[in-house]
Amino acid sequence: MTIRMKALLIAVSAVVAGLMPGLAAPLLGTSADRVTDAAASPADHRPNIVLVTTDDQTLVDMRWMPRTRRLLGGEGLTFERAMSPHPACCPARAEIVTGQYGQNNGVLHNTGELGGFQSLVDSANNLGAWLQDSGYQTALVGKYLNDYGREHGLQSGWTHWDASVKGVYSYDETTTYDDGNVTLRDGYIADVIRAQTNSWVEEFAAAETPFFIWASQLAPHAGRTPEEADGTAWPAKRHLDDLTRVEAPSLSSPAFNKADAVDRPVYDDPEVGRASRAWVQRAFTARIQSLQSVDEMVARLVRKLRDSGELENTYIFFTSDNGFLLGEHQIVGKNALYEEVLDVPMLVRGPGIEPGTRSNVPVTLTDLAPTFVDIADATPGRVMDGATFLPALHGKPLAWRDTQLVQTGTVLTTGRQPGWEWRGVRTSRYTYAYDPRTGQRQLFDRAKDPSELANVATKARYADVVRELHRRTVTLQTCSGPACRVSFGPPGKPLRTGPATRNEIRP
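In case it helps, our numbering puts the sequence shown at residues 794 to 1300.
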């Protein structure tokens, strides 16, 4: 059913309601237990929003998701420089639900005293609540913030809440909250999330009010059950023979099993050491095989939205919480400040988006909440650090910050900045960071060293750049709201980053 057809039905229903009230609700297919009579409240035609996230997916992994690239990127917009500014599961998800960096939302790490769900400041004040308060139906299924469990209960602001509460990293035995009816899901998790998402689309579409659904997939994160003991993802059985001849891209990367040439930083979380080529290949194959079920899920979602008449009025966002290092820089993991973990896919399809377009605006996960709030014309309950990129979706010019705060956390609570491991900034040319515990610094000139093999922070010719980027880091690491969105200009001469980024949409 198209939007125009719905509007016509609503008008007819209003007349019928005046003559025969009992016929109005059945005519519109309204759910009596969740929605009031549509005749009493005119239909709300604000766009729907569906967010599909994966876990630990790299930008390169998108090569093996043809349906998603065709149905979202081909029919919408692909951001070529999207990034996760705090590349770890929990901090990234906290950014999504708050629009804030860790210094403001409280989540610095996946676990520990300053990490996990328990560290989220004012957890009831979240994106779901803001959209629900504005009239949206809201739902979440799949992984939420690390350490969230059934004891934390239904989160404020959600019409349906089906977050994973046990077996979060199991692909075939995950227990979910299920609106308080805690349920063991014995199916393959990507299929469970697909079915739940599509059922909500059908339910919400019948209610004649806009909706927001977050479908939070597990793939291609490593599984953590006894049968998945080798630390790889766990594909659905139907995909075990797929893509077995694809070589892991990291094996041919100049950074594979290579440490930085100067003052190599040591990261707390990732496994550091020379990775076995055989294991990396096996892990990579399992990763892209697991993503095949997510690729199917996206196709089914698009079909369900089309069948329900909501596709033309729905923004579908697809991204990942962070990227992943699979042997590059002698690391297997994330929570590091290399391109492989900072870069994430970001594809958007929706009303008014020119099909098959691309943008170079470096949007981040922190910018999702402001964009959703903008789409919904909602009122946020927090001062958000990110910015809306809704104009970019429609090909409009968009001034954007030229310097992006990037950082990683640690479970350690000692030192000058407890809970922080690396604080830094990323521009169109440079990635800079320092360790507040040791004072160690790193600078990569990506224009000359795209593989980030040479730490040039101690080179005399980069002294002005290091000085300026450190100043920017100190400014942004305590920023809040608009102060996080400033443009500083070139960091040093003659090494220039260029002017503030402008939106460029191209076919």
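All C-beta atoms, glycine included, are put in the ideal place defined by N, C-alpha and C.
(request) Look at the alpha carbon of threonine 967 and the alpha carbon of alanine 1012, and state the distance between them as a whole number of angstroms. (result) 13 Å
My output table needs one value for leucine 1199: the three-state DSSP class, helix, strand or coil. Note on identity: in this sequence residue 1199 is valine, with leucine being the wrong assignment. Looking at valine 1199 - three-state DSSP - the assignment turns out to be strand.
Exercise for the section: Identify whether leucine 844 lies in helix, strand or coil by the three-state DSSP scheme. Expected result: In the structure shown, the three-state DSSP call for leucine 844 is strand.
Contact under 9 Å by Cβ, leucine 1186 with glycine 1145: yes
* To do: Count the other CB atoms, across all protein chains shown, that sit within 10 Å of the CB of asparagine 1115; report buried if there are 16 or more and exposed otherwise.
  => Burial call: buried.
Next on the checklist: Going by C-alpha to C-alpha distance, which of Thr952, Ala1180, Asn1128, Ala956 sits closest to tyrosine 941?
Outcome noted: Distances from the CA of tyrosine 941 to each of Thr952, Ala1180, Asn1128, Ala956 were compared; the closest alpha carbon is that of Ala956.
**Q.** Endpoints, alpha helix (DSSP H) assigned at phenylalanine 1182
**A.** For phenylalanine 1182, there is no enclosing alpha helix (DSSP H), as DSSP gives it neither H nor E.
* Pick out whichever of Arg1234, Pro1028, Asp1167, Pro1275 has its Cα sitting closest to the Cα of tryptophan 1193. => Pro1275
* Asked: How many Å lie between glutamate 1064 and lysine 1252 at the Cα?
  -> 28 Å
Please report how far the alpha carbon of histidine 945 lies from the alpha carbon of tryptophan 954, in whole angstroms. 12 Å
Worksheet item: If you count every other CB in all the chains shown that lies within 10 Å of the CB of leucine 947, and 16 or more means buried, which is it?
Response: exposed
(message) Give me, in chain order, the residues of the same chain whose beta-carbon lies closer than 6 Å to that of glutamate 906; leave out the 5 immediate sequence neighbours on both sides.
(response) Thr1206
request  = Take glutamine 989 and list the residues in its own chain whose beta-carbon comes closer than 7 Å to its own, dropping the five residues that flank it on each side.
outcome  = Val934, Asp955
query = How big is the Cα-Cα spacing for methionine 910 and tryptophan 1027?
reply = Note that residue 910 is phenylalanine in the sequence shown here, rather than methionine. Rounded to whole angstroms, the gap between the alpha carbons of phenylalanine 910 and tryptophan 1027 is 25 Å.
Check each candidate in Glu868, Val1125, Arg1230, Gly1102 and name the one with the smallest Cα separation from alanine 1048.
Val1125
(message) Within 8 Å, do at least three Cβ pairs link the segment 852 to 864 to the segment 1235 to 1247?
(response) no
Round the Cβ separation of valine 1141 and glycine 892 to the nearest angstrom and send it over; I've been treating them as touching at under 8 Å.
No, valine 1141 and glycine 892 are not in contact; Cβ-Cβ is about 17 Å, not under 8 Å.
Quick test of your reading: serine 1045 and glutamate 1121, contact by CB under 8 Å. State the CB separation rounded to the nearest angstrom. About 11 Å separates the two Cβ atoms, so there is no contact after all.
| message | List, from N- to C-terminal side, the beta strand (DSSP E) runs of 3 residues or more that fit wholly inside the segment 1194 to 1265. | response | 1197 to 1202, 1213 to 1219, 1223 to 1227, 1234 to 1238
Exercise. By DSSP, does leucine 1140 sit in helix, in strand, or in coil?
Worked result: strand
Quiz prompt | Per-residue burial, proline 1284 [other beta carbons within 10 Å of its own, 16 or more giving buried] | solution = buried
Which residue marks the beginning of the beta strand (DSSP E) containing aspartate 955, and which one marks its end? It spans 953 to 959 - the beta strand (DSSP E) in which aspartate 955 sits, taken as one unbroken run.
Check: Measuring CB to CB, does valine 1218 end up less than 9 Å from threonine 1196?
Finding: Yes, they are a contact pair.
Using C-beta distances below 7 Å, list every residue in its chain close to proline 840, excluding the 5 sequence neighbours before and after it, in chain order. Excluding its 5 nearest sequence neighbours in each direction, proline 840 has C-beta neighbours in its own chain below 7 Å: Pro1003, Asn1106, Thr1107, Tyr1108, Gly1143, Pro1144, Ile1168, listed in chain order.
Margin query: Could you give the first and the last residue of the continuous beta strand (DSSP E) run that contains glutamine 930?
Written below: 930 to 935
* If you draw a straight line from the alpha carbon of alanine 832 to that of arginine 1278, how long is it in whole angstroms? -> No answer about alanine 832 holds up, because its pLDDT of 36 lies below 50 and its placement is not dependable.
Three-state class that DSSP yields for valine 1125 in the structure shown = strand
What are the residues that DSSP puts in a beta bridge with leucine 870? Val1141, Thr1150
Margin query: I'd like to know whether the C-beta atoms of leucine 938 and cysteine 883 end up nearer to each other than 9 Å.
Written below: yes
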